[in-house]
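In the working numbering, the protein residues as written are 498 to 641. Written out below as structure tokens is the structure these notes cover.
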Ligand SMILES: [Zn+2]
């Protein structure tokens with residue numbers, strides 16, 4: 498499972514609201530305990546750099562990723578996941594997500610936002626062998 502604080506979930510939801518009707522996106526930084534367990538310590542909101550339609554696709558700023566990776570070098574933290582929103586779509590990977598499978602090794606967090614109001618946020622992991630996404634548990638925990 499991926500563990501977020503309520504404040505981090507709010508940051509992800511606020512990014513979805515701010516970007517609406519475009520997709521928001523960003524990186525999740527934290528501790529990678531194992532393949533199945535991550536604790537998020539920081540949410541980094543990114544501009545959506547996609548050259549496709551920003552209403553149904555996203556690309557995290559490569560410069561942001563580069564800067565964060567440099568910052569995290571020799572620390573115990575890592576990029577553990579990324580997030581994006583689905584304006585007027587479900588909190589589930591889209592056909593385009595499957596096509597692009599951006600950073601498949603990371604945990605995918607997707608927030609549904611309808612008519613500017615945030616809905617469900619869910620997490621997924623891409624299985625390269627199965628070529629599909631499976632649900633990944635999110636836990637919201639205070640103070641870590
Ligand atoms: Zn998507």
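Heads up, the beta-carbon is just placed ideally off N, CA and C, and yes, glycines get one too.
As computed with DSSP, residue 560 is found in no beta bridge at all.
Between residue 580 and residue 509, the C-beta spacing is below 8 Å.
For residue 518, there is no enclosing beta strand (DSSP E), as DSSP marks it with neither H nor E. In this structure, the alpha-carbon of residue 560 lies about 12 Å from that of residue 545. Contact annotation: residue 587 and residue 609 have beta-carbon atoms nearer than 8 Å. Cβ-Cβ distances below 8 Å link residue 565 to 524, 526, 541, 576 in the same chain, with the five nearest sequence neighbours on each side left out; the list follows chain order.
Residue pairing from DSSP places residue 611 in a beta bridge opposite 614.
In the DSSP assignment, residue 574 forms no beta bridge with any residue. Relative to ligand 1, residue 581 has its C-beta within less than 7 Å of a heavy atom.
Rounded to whole angstroms, residue 604 and residue 518 show a C-alpha spacing of 24 Å.
Here DSSP, grouped into helix, strand and coil, assigns residue 503 to helix. For residue 638 against residue 499, the beta-carbon gap comes to about 11 Å, at or over 8 Å, which does not count as contact. In the structure shown, the three-state DSSP call for residue 622 is strand. For residue 606, the beta-bridge partners assigned by DSSP are 580, 620. Between the beta-carbon of residue 582 and that of residue 504 there is about 18 Å, and that puts the pair past the 8 Å contact cut.
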